[in-house]
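K.L.:
Remember, my numbering sits 152 above the position in the sequence shown when you count from 1.
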Amino acid sequence: MAAAAVVVAHPLEAQTPIPEVILDSEGSAVIVPYYTVNEGWHTLVNVTNTSPNSLAVKFRLHESRNGRDVLNFSIALGPRDVWTAFIQSTADGRPQLIATDRSCTIPLSVRDEGGAIGSEVAYSGDFADHSATDGDPVRTREGYIEILVMGETAGGGAPPSGSFAGDIAYFAGHIDGEPRDCGIVNDAFDARTAGFDTRAGTSEAISGVDSDGMGGTVQTGSGSPIARKGAALVDGSAVSSRGYGPIQSMRPLKVNTTLVNQTTGRAAGIESFAVAGYGVGRNLVSAQAFPWSMEPTLATGETLWTLTGLPVIAAGTAASRARNEWTSNANTGAVSEWVLTFPTKRFEDDVDTDNIYAACSAWRNGDTAAGMPDASGFSTEPRYDVGDNAPPPTCPDEGFSPGTFQDNDNGATFPGGTAYAFFDREEGSALAELDGPGGFAMPPPEFAIDRLFYTTNVIKIGRNVAGDDSVLGSPVARYLETNYLESDASTGWLQVSFDGDAYNPVGLASDAVPMTGFLYKQRDFGDPTRNFGQATPHSYDRPQLPPATSD
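#1: Identify whether E356 lies in helix, strand or coil by the three-state DSSP scheme.
#2: Taking the alpha carbon of T520 as the point to measure from, which residue in S488, E633, L456 and G230 has its own alpha carbon closest?
#3: Just to confirm my understanding: we take S315, look at its own chain, exclude 5 residues before and 5 after, and list those with CB closer than 8 Å. What are they?
#4: Counting only beta-carbon separations shorter than 8 Å, does T305 have a partner in chain B?
#5: Taking A687 as the reference, give the member of P680, F670, R694 and D679 with the closest Cα.
#6: Rounding to the nearest angstrom, what Cα-Cα distance links E423 and N408 in this structure?
#7: How far does the alpha helix (DSSP H) with A466 in it extend, from its first residue to its last?
#8: What first and last residue would you give for the alpha helix (DSSP H) that runs through N562?
#9: What is the DSSP secondary structure of P289, counted as helix, strand or coil?
#10: Tell me whether the region 475 to 484 and the region 440 to 456 touch, counting them as touching only if at least three CB pairs, one residue from each stretch, are closer than 8 Å.
#11: To the nearest angstrom, how far is it from the Cα of V538 to the Cα of S216?
#12: Could you compute how far the alpha carbon of I336 sits from the alpha carbon of G468?
#13: In terms of residue numbering, what span does the alpha helix (DSSP H) encompassing V337 cover?
#14: Relative to the C-alpha of D342, which candidate in G395, Y275, E178 and I299 has its C-alpha closest?
#15: Taking the alpha helix (DSSP H) that V262 falls in, what are its first and last residues?
#16: From the DSSP output, in three-state form, read off F238 for me.
#17: What distance in whole Å lies between the Cβ atoms of V412 and H194, which are believed to be in contact at a cut-off of 8 Å?
#18: Taking 8 Å as the cut-off, does the region 626 to 645 touch the region 192 to 210 (at least 3 CB pairs, one atom from each stretch)?
#19: Applying the 10 Å Cβ sphere with the 16-neighbour rule, what's the burial state of A582?
#20: Taking the Cβ atom as the reference point for each residue, do A251 and A471 lie within a distance shorter than 8 Å?
#21: Please classify T634 as buried or exposed, where buried requires at least 16 neighbouring CB atoms within 10 angstroms.
#22: Alpha carbon to alpha carbon, how far is A310 from S393?
#23: Should M366 go down as buried or exposed, given a rule of 16 or more other Cβ atoms within 10 Å for buried?
#24: If you draw a straight line from the alpha carbon of D221 to that of N616, how long is it in whole angstroms?
#25: Are the beta-carbon atoms belonging to K381 and G397 less than 8 Å from one another?
#26: Report the partner residues of K210 according to the DSSP bridge assignment.
#27: Along the chain, where does the beta strand (DSSP E) containing F279 start, and where does it finish?
#28: Rounded to a whole number of angstroms, what is the C-alpha to C-alpha distance between S401 and C256?
#29: DSSP state of F425, grouped into three classes?
#30: Quick check on the DSSP output: what are the complete beta strand (DSSP E) runs of length 3 or more inside the region 366 to 435, in order along the chain?
#31: Can you give the Cα-Cα distance for T345 and F225, rounded to whole angstroms?
#32: Mark T415 as exposed unless 16 or more other C-beta atoms lie within 10 angstroms of its C-beta, in which case mark it buried.
If you want it as structure tokens, here you go:
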């Protein structure tokens with residue numbers, strides 16, 4: 153089974169949760185390592201609320217290069233409810249999510265008006281992060297999925313009674329297979345506070361307050377939707393008593409995902425990575441409109457618009473090595489590709505002071521909270537000082553190499569000290585180490601190897617694969633060639649190490665980075681009725697677990 157990170161808080165240290173790891177596949181935050189609509193592929197998603205309570209859930213598609221949002225909406229799940237959808241390509245190449253379930257979505261158009269289509273807005277024009285792909289919808293076609301519980305209501309919620317209009321969760325509950333009133337649910341996620349002016353500069357606060365219980369308010373940056381229990385207007389009035397409250401369930405979500413290509417006759421189910429305990433004890437509900445819908449994120453801490461949850465998440469999901477098999481045999485039609493996703497990479501490497509879509513900006517960094525901007529830690533100089541290689545305090549540093557996506561303008565940020573150990577099935581091996589941010593191979597290999605630059609990396613593996621098309625259809629697939637194996641093997645296994653040593657367990661704690669992924673393997677018989685595919689999750693060395701190898 154997949155390893156899930158469990159975030160547990162000491163009773164006297166509620167703001168400093170301590171991560172643990174258990175073998176599980178359910179959580180209050182779930183990362184699906186890959187979605188794709190390339191070359192005829194569809195991605196099928198099934199989200200199950202296994203708890204007896206009602207949930208408000210955030211659903212996002214993040215593009216592969218830099219993890220920018222390309223699709224963002226919310227789902228209202230009743231107790232034991234299931235929501236299903238599939239993602240396909242539009243005629244012009246964007247991902248289109250089509251819901252195949254009646255559960256309430258916010259906006260309701262995701263369910264009722266032909267689904268939702270991914271957008272390149274978050275990395276285009278004023279929000280651009282990469283000049284060569286500014287406005288290019290191709291970036292939207294693959295990446296990873298983030299599914300986060302935002303808030304929770306006990307049971308199915310309270311019905312209307314007297315002057316009480318009823319919990320929002322109550323109207324999301326089903327009667328004879330149909331929610332009571334998705335219109336009420338949809339309207340409850342509207343912002344009730346002032347809008348956001350992207351032209352106002354980094355002094356513009358993100359509005360939204362909660363009642364402090366004494367007639368005053370506390371800043372939240374939520375947009376103060378009715379769907380958030382305790383949300384109020386700026387003057388402290390109209391306090392919501394109907395919304396979702398703090399998250400209570402440690403592991404309410406189970407997510408199943410399948411990649412399907414009907415044209416070629418291939419399909420494969422992929423495992424999700426679950427973080428149990430994410431957000432527990434906190435209300436993370438926000439309005440479903442720009443910019444409030446950009447929160448929460450996987451890194452959200454005590455309040456919205458923080459990154460203080462990242463060290464906890466990183467510690468609970470980090471690994472120093474990943475292992476899996478590979479195959480590349482033209483005679484049998486067998487070929488494989490790896491997927492490696494770094495779901496927290498964007499908070500370290502997507503740095504742009506006045507770009508609100510950047511994962512680390514004036515509105516979301518190590519000094520911010522509740523939508524109040526703080527640009528004091530940023531400067532016009534590159535993020536890292538060349539002399540001491542130290543990151544600024546404003547953006548996290550959990551293991552990725554110096555530099556940012558924007559500095560290089562090509563996504564060239566990656567875990568430092570990467571090493572690849574290739575093995576055949578008869579104990580033969582070859583090693584390639586990429587030493588430091590310059591990418592120099594030590595020793596120079598006699599085969600082609602590629603940096604894992606992106607948030608989600610599709611990796612072709614085999615002999616002379618550099619020029620081959622990706623079987624998953626990725627337009628930016630990386631490649632690792634096995635030509636250096638003396639056996640000329642067509643099958644084997646691979647260990648990717650981020651501690652700079654592919655053979656020995658060195659520096660597991662300090663050199664680990666959060667990651668998840670899988671091996672995709674297929675057989676092509678030239679006949680869609682006989683072809684097949686399969687997916688197998690990677691195994692990992694994690695700081696919390698003993699290493700799989702020894703000196």
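The C-beta atom is built at its ideal place from N, Cα and C for all residues, glycine as well.
Model, not experiment: these values are computed from the prediction.
P.N.:
Let's see:
#1: coil
#2: L456
#3: none
#4: This model lacks chain B altogether; it includes just one protein chain.
#5: F670
#6: 7 Å
#7: L462 to T469
#8: That residue, N562, is in no alpha helix (DSSP H); it is neither H nor E in DSSP.
#9: helix
#10: no
#11: Note that V538 has pLDDT 40, beneath the 50 cutoff, so the model's placement of it is unreliable and no number is given.
#12: 38 Å
#13: C334 to A340
#14: G395
#15: S261 to D264
#16: strand
#17: 5 Å
#18: no
#19: buried
#20: no
#21: buried
#22: 11 Å
#23: exposed
#24: 34 Å
#25: yes
#26: S226 and L300
#27: Careful: F279 lies outside any beta strand (DSSP E) and carries neither H nor E.
#28: 20 Å
#29: strand
#30: 369 to 371, 405 to 413, 418 to 422 and 425 to 428
#31: 19 Å
#32: exposed
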